Every structure is written in structure tokens, then in C-alpha cells.
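Below: one structure, written as C-alpha cells.
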Amino acid sequence: LPHLSFMRETMGIMQHHDAVTGTEKQKVAYDYAKRLEVAFRACGANTRAALNILTTGDKPKPVEGHKPRPVKFEFKTCALLNISLCDVSEQSEHFVLTLYNPLSSSLAEYIRVPVPDNNYQVLNDKGAILEAQYVPIPRGLMDLVYRHSKTKYDMVFFADELPPLGYRSYYIKKTKERPLKPVPDSPN
Amino acid sequence: TSSMTSVGNEYIRLNFDTNGFLSAVTVEGMTRIISQDFLYYEGAVGNNMEFRNRSSGAYIFRPQNDSMKITTTDVDITVYRGSLVEEVHQKFNNWISQVVRIYSQKNYAEFEWLVGPIPVDDDIGKEIITRFDTDIKSEGMFFTDSNGREMIKRLRNHRDTWNLEILEPAAGNYYPITTKIALEDDRARVAILTDRAQGGSSLRNGSLELMVHRRLLHDDAFGVDEALNETAYGHGLIARGTHYLMVGFSQKNDSPTQKALERFAQLEVTLPTWKFFSKTNYTFEEWM
């Protein structure tokens, strides 16, 4: 509950009209960003615990003096996916992407994962290999002065049958294959 | 202008002209002229001692005049095609670029724009808009959402409950857009969904515009006591966001479902899946 209160308090502050419209002073904007980051990190402990229970089927054991079990998966959020940045997908040869559908109906969504190379394989929870397409990260984004990253592509795959208020996980691994790099249409 | 290239799927197809601008959209056999461009207003520099003559700033949008400036006449484009998504990467100038994409099973087009740092070397504050011009005969009428819920009918240069004298034709017709702005005629309907609250309007028949970024050099004397001129790492701020373009038959005509499709799309884009990444040393079999 204290973790959630970080987000509760931050969301209370973020309802100020300056926060909604962006008319706050810049130093206040930095403070809002900091508070949101802290709140996301705090709530991350809850989502991590809940998702580890859900995905492994374990039951929590709230025994006094009981040492908490080691976390099996980290379930990190990547706040900079909007500029194709994510430490996990950039640095890992194997990683798991878990998608939680917050809608009350099932959903099909195209997922974009920033990756440094174009040789990954996406497997769903049934072991099926999903089709993946690589699209170069646009030049304007690559040239951003404060975007330091080795990612060159957005890997796109189609995640369907995401259950309402539920999740599906995908196992993504780098392969030794050397597929063709995406090439643009020839100039007309 | 002649069409140079097109991207699309079975639901929607976008045509781009020889200058690299969007030129037409086809849905279900109906083709409409729809162009898209980035333009800017120059921010007003006023005398803050006079209430009606304040500068454009954080709290108020007041262009120096109502004529917009173009950002380019020629867009560099690169087209990538695949079985899941087709993308057009557009470069308007050194500080505006955009990716237009259509996924294979979606009935809308995404316009992911990147704007900034807005240059102010000429000592002129700028307010950047994206504008979609269509051949739809909207007759001054357009629709904006009320915080993502019902749509409100707007009529240019008009208020329902008082006689209006518009002194500022652009700013006086701007409305808050939280998720959607739309217009239609007897046959066609165009809606743009946003990923954040923005200002928007329809200043000409068939035209929709949304303000995407602003950099101003004067305070507007409404309290913040500083110009809206923010920097990061020594440069002006860069903004990135997405607009979703939906085109269909208007409710008055063939299809009563277009607004329903917009509602479904709105839910999808404003409440997307939460993505959690986990490094793992497990093999796929162990993970299973």
C-alpha cells in the first residue's frame, strides 16, 4: 500500500491545471517528471510481485520473519519506448516481454520492440514462432543529441488474443540467422 | 499533383504526391483528397500592460497574425514495406520529421511526428501545427471531444449562447482536444485521434489542425512570469507524439458504424497494453 501511495499522491498533484496543460514552470516540470518516475518505480514493486505470482502460479506466503523469495522475473517497464529506447531489449540476447491488456475486451495489437540487430525470434507461450518485421528507426530519432543507443530497428510483431484484463508473455531470443536488412523502395 | 507512392491495406490506403506530401486517402472504394502538412504561427509580441494586447505565452495562444508559415515545399520520403506494417518516413526539414504507418490489420493510419528543437535564431517565437486539408464540405462545422467522452458540435465564429465578435480568427476558434477532432459532410467523415491533450480547430472548410509544439520568447503576464522557451541539454525541447487518422462514410450516409469504429480505435490507442520486459537466462523450454 505505501508503494501505491506514491502513485496516488503523484496523480493528485498531476491534476493541477498547470500539470494537465503544461503551463507549469520548467523547474516544476522537472519535479513532476521526478515524482512520476519515483511513483512508477514504487508501483513497479507491486506489478513485479503480482506478475511473478500470476506467471509462476505460486501463492504468496505472508509468514512473519519469512524471507522474501527471490524475484524470478524483473518485469521492467521501459519509459522511453516512445523514442525506441529500452535497456533490456537493447542488451539482452534472451528476454521475455509480458503484455498486460487493461481493457475489458480481448485485444490484438502490433508490438514494437527496439533492437540493435535484425535477427531475433519471437515465440508465444504455445511455442509458435511469430512473424517479425524490422523497420529502421527513423533518421530524425537516431540523430537526437540525447538519445544514446545501439538500437537500429523496431522489431514489429502481431500480438493477438490478449485476454481482457489479462496477460500474455512472449519469449524473444537472438538467433544466428542473418536475414536481409530492410531496404526502402527504390526512388521513383 | 500525380501520385508517387502509396501505402495501405485492405481497409485504408494513403497516396503521396511527387513532393512527398500525403495527397489522398481511399477507404472502401471511396477516395478523398486529403493532404497533410506542418505549418507554424508566429507568436504575438504584445504589450503586457494592455489586457487585449498580451504576448503569446504559456497560457494563451495569440499568433502575431493569422497567416501561417510553411515549413517546407518538398518532403524527403523513404518507404519501407513488409507483411505487418508499411511505413513512409518523411523529413520536412532539420527539425520536423514524421513516420506515417499502416499496420496490416488496422483501419487507421498513424502519423508519428517529431518536432523540435524549434529554431528561434530569428527572435521569433513559433507555434507549430499539423494540418489535414480535405475536400469534405464541412460548412464551418466540426466536432471536438469533451475529455474523451461525448463529442461537441462546434461552428466556426459562433457560440450557441451569445453573439460573438471574433477579434482573433485563429485563436478565437481554437478548442481543447483531449482525444478526438472530426468533421464530415453528407458522404464522408474524417477523424483524428490524439495521444495527448492538444489545441485544435477547423479554420477552413474541410480542414483540421492540431497544435503540436510551441516555443515562445515572451511572457504572457498570466502568472508564470517566464517565456515558454524551455531547453534540455542546451537545446530547445523536442516533442514526439502520434495522431491517428480515420476516414469513412459519414453517419448520414451508408455506414452508421464509423463512429463506433472510432470509439474502438480510441480505446486501443489511449489504453494500450502495458509492456513488461524481463531479462532471462532460461532457455525457451525452461521458460515454458
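Line by line, the protein sequences give chains A and B.
Residues 1196 to 1383 in our numbering are what the first sequence lists, from first letter to last.
Residues 250 to 537 in our numbering are what the second sequence lists, from first letter to last.
Glycine included, C-beta positions come from ideal geometry on N, C-alpha and C.
This structure is a prediction, so every number in the text was calculated from the model and none was measured.
task = Report the rounded CA-to-CA distance for Q1221 of chain A versus V461 of chain B, giving the unit in angstroms.
result = 18 Å
ask   = Who are the neighbours of V334 of chain B on chain A, taking C-beta pairs under 8 Å?
value = Y1305, Q1328, V1330, V1351
Cβ-based contacts, 9 Å cut-off: residues of the segment 1216 to 1237 of chain A near chain B = T1216, G1217, T1218, E1219, K1220, Q1221, A1224
request  = Under 6 Å Cβ to Cβ from A1234 of chain A, same chain only, skipping five residues before and after it: list those, please.
outcome  = F1201, M1202, T1205
key: Contacts of G1322 of chain A in chain B (Cβ-Cβ under 8 Å)   = F533, M537
request  = Mind checking who N264 of chain B pairs with in its DSSP beta bridge?
outcome  = B:S255, B:A273
key: Straight-line Cα distance separating A358 of chain B from T250 of chain B   = Model confidence at T250 of chain B stands at a pLDDT of 47, short of 50, so the residue's coordinates are unreliable and nothing is read from them.
key: I282 of chain B beta carbon less than 8 Å from that of G365 of chain B   = no
key: C-beta contact flag for V218 of chain B and Y1305 of chain A at 8 Å   = With chain B covering 250 to 537 only, the question about residue 218 of chain B has no answer from this structure.
Contact check, V1215 of chain A vs K528 of chain B, beta carbons under 8 Å = no
inquiry  = Strictly under 8 Å for the Cβ-Cβ distance: is I487 of chain B near chain A by that measure?
reply    = yes
query = With a Cβ-Cβ cutoff of 8 Å, do A1323 of chain A and D1355 of chain A count as a contact?
reply = no
task = Check the Cβ-Cβ distances between E1356 of chain A and every residue of chain B, and say whether any is below 8 Å.
result = no
task = Determine the direct distance from the alpha carbon of R1307 of chain A to that of L404 of chain B, and round the result to whole angstroms.
result = 39 Å
request  = Run through the segment 472 to 520 of chain B for me and flag every whole beta strand (DSSP E) of 3 or more residues, listed as ranges in chain order.
outcome  = 488 to 498
task = Can you give me the Cβ contacts of T427 of chain B inside the same chain, cut-off strictly under 8 Å, excluding the 5 residues immediately before and after it?
result = D394, S395, N396, G397, T443, A446
query = If you draw a straight line from the C-alpha of R318 of chain B to the C-alpha of D384 of chain B, how long is it?
reply = It is worth fixing the name first, because residue 318 of chain B is Lys in this sequence and not Arg. For K318 of chain B and D384 of chain B, the distance between alpha carbons rounds to 22 Å.
Among B:I351, B:E336, B:A420, nearest to E291 of chain B - alpha-carbon criterion = B:A420
inquiry  = Let me see if you follow: with CB-CB separation under 8 Å, is T1370 of chain A close to chain B or not?
reply    = no
task = Show which residues of chain B have a CB atom less than 8 Å away from the CB atom of T1272 of chain A.
result = W523, K524, F525, F526
key: Coil, strand or helix - P1197 of chain A by DSSP   = helix
message = If I follow the unbroken alpha helix (DSSP H) through M390 of chain B, where does it start and stop?
response = Unbroken run through M390 of chain B is the beta strand (DSSP E), 390 to 394; no alpha helix (DSSP H).
request  = Quick one: grab the DSSP three-state call for L1336 of chain A.
outcome  = helix
Assigned secondary structure, T1251 of chain A (DSSP; H/G/I helix, E/B strand, else coil) = helix
ask   = When you compare each of A:H1343, A:T1218, A:M1209, A:D1213 to R463 of chain B by their alpha carbons, which one comes out closest?
value = A:T1218
ask   = Where in the segment 1279 to 1330 of chain A do unbroken runs of the beta strand (DSSP E), each at least 3 residues long, occur, reported from the N-terminal end onward?
value = 1289 to 1295, 1302 to 1310, 1315 to 1318
query = With 16 other CB atoms within 10 Å as the buried threshold, where does G1335 of chain A fall?
reply = buried
query = F498 of chain B: which of B:E433, B:M400, B:A273 sits nearest, CA to CA?
reply = B:E433
query = What do you reckon, are the CB atoms on Y1348 of chain A and N1313 of chain A nearer than 8 Å?
reply = yes
ask   = What does L516 of chain B reach in chain A if we use C-beta pairs closer than 7 Å?
value = L1298
ask   = For a contact meaning CB atoms closer than 7 Å, what does K386 of chain B contact in chain A?
value = Per Cβ cutoff of 7 Å: no residues; K386 of chain B is ~33 Å from chain A at best.
inquiry  = Contact between the segment 1335 to 1344 of chain A and the segment 473 to 488 of chain B is defined here as three or more beta-carbon pairs at a separation below 8 Å; is this criterion met?
reply    = yes
key: Chain-order list of residues whose beta-carbon lies under 8 Å from that of K1271 of chain A (same chain, five-residue window excluded)   = G1239, D1282, V1283
Separation of T379 of chain B from N454 of chain B, as counted between CA atoms = 16 Å
query = Do you know whose CA, among B:Y493, B:V496, B:S353, B:S284, lies nearest S456 of chain B's CA?
reply = B:S284
message = In this structure, how does DSSP classify R350 of chain B when only helix, strand and coil are distinguished?
response = strand
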